[in-house]
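Asker: Have a look at the structure that comes next, please.
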Amino acid sequence: AVHLARAAGAQVIATASPRNHALLQELGATPVAYGPGLLDRVRQAAPTGVDAAVDAAGTDEALDVSLAVVDDPGRIASIAASESRSIEEVTDDFLATRQPTGRFIATEGVGAMAVFLCSPAAQDITGAALPIDGGWSIA
Numbered sequence: 015a016v017h018l019a020r021a022a023g024a025q026v027i028a029t030a031s032p033r034n035h036a037l038l039q040e041l042g043a044t045p046v047a048y049g050p051g052l053l054d055r056v057r058q059a060a061p062t063g064v065d066a067a068v069d070a071a072g073t074d075e076a077l078d079v080s081l082a083v084v085d086d087p088g089r090i091a092s093i094a095a096s097e098s099r100s101i102e103e104v105t106d107d108f109l110a111t112r113q114p115t116g117r118f119i120a121t122e123g124v125g126a127m128a129v130f131l132c133s134p135a136a137q138d139i140t141g142a143a144l145p146i147d148g149g150w151s152i153a
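Written out as structure tokens, the structure is:
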């Protein structure tokens with residue numbers, strides 16, 4: 015993922031244990047050690063802010079830091095498995111404060127839109143962006 019983001023021109027800040035920092039630097043990422051103080055280290059590495067986050071760890075720390083540094087939670091991709099909070103608790107917390115529709119977008123909703131767009135009923139829809147974002151774009 016680092017090399018794809020870098021190829022797209024993104025600055026990548028990657029959390030890892032110090033033993034993996036050299037590899038991350040070779041890939042073009044700015045390595046940041048996870049653990050206590052992560053939020054401060056991420057803010058130091060990205061003083062102008064963070065546009066998006068990919069959380070492949072799913073720990074409380076990773077999710078909390080992602081939510082703290084990314085202005086639009088719709089730009090956070092997380093596996094959302096948590097050490098001390100269940101997926102239901104993480105979901106409820108997120109929905110209570112940030113999601114305009116009060117629910118996450120299910121894959122079935124995305125699939126239904128794709129099926130519709132491939133159907134004759136959508137023959138006149140061309141060149142349009144149809145956000146399936148739970149209301150982020152209008153909130």
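Residue numbers (the working numbering): 15 to 153.
Using N, Cα and C, we set each Cβ at its ideal position, and we do this for glycine too.
Can you tell which of A36, L53 and G51 has the C-alpha that lies nearest to the C-alpha of P45?
Answerer: For the residues A36, L53 and G51, the minimum Cα distance to P45 belongs to A36.
Asker: Just how far apart, CA to CA, sit T121 and I146?
Answerer: If I take the Cα positions, the gap works out to 10 Å.
Asker: Alpha carbon to alpha carbon, how far is G125 from Q137? Give it in angstroms, no decimals.
Answerer: Their backbone Cα atoms lie some 17 Å apart in a straight line.
Asker: Which residue or residues does DSSP assign as beta-bridge partners of D107?
Answerer: DSSP output for D107 lists no bridge partner at all.
Asker: Taking S80 as part of the alpha helix (DSSP H), name the residues at either end of that continuous run.
Answerer: Note, S80: alpha helix (DSSP H), D74 to V83.
Asker: In whole angstroms, what is the alpha-carbon distance linking T62 and V79?
Answerer: If I take the Cα positions, the gap works out to 15 Å.
Asker: Considering V56, what are the terminal residues of the alpha helix (DSSP H) in which it resides?
Answerer: It spans L52 to A59 - the alpha helix (DSSP H) in which V56 sits, taken as one unbroken run.
Asker: If R57 sits next to V83, beta carbons under 8 Å apart, how far is it from one beta carbon to the other, in whole angstroms?
Answerer: Their Cβ separation, rounded to whole angstroms, is 7 Å, which keeps R57 and V83 in contact under 8 Å.
Asker: Taking the alpha-carbon of G23 as reference, which of D106, D65, I90 and D69 has the nearest alpha-carbon?
Answerer: Here the closest residue by C-alpha is D65.
Asker: Tell me whether V26 sits in a helix, a strand or coil according to DSSP, three-state version.
Answerer: In this structure, V26 counts as coil in the three-state DSSP scheme.
Asker: Between which residues of its own chain and T115 is the CB-CB distance below 6 Å, once the five residues before and five after are set aside?
Answerer: Excluding positions up to five away in sequence, the list reads G148 and G149.
Asker: When DSSP builds the beta bridges, which residues end up paired with A67?
Answerer: Note: A67 sits in a beta bridge opposite I90.
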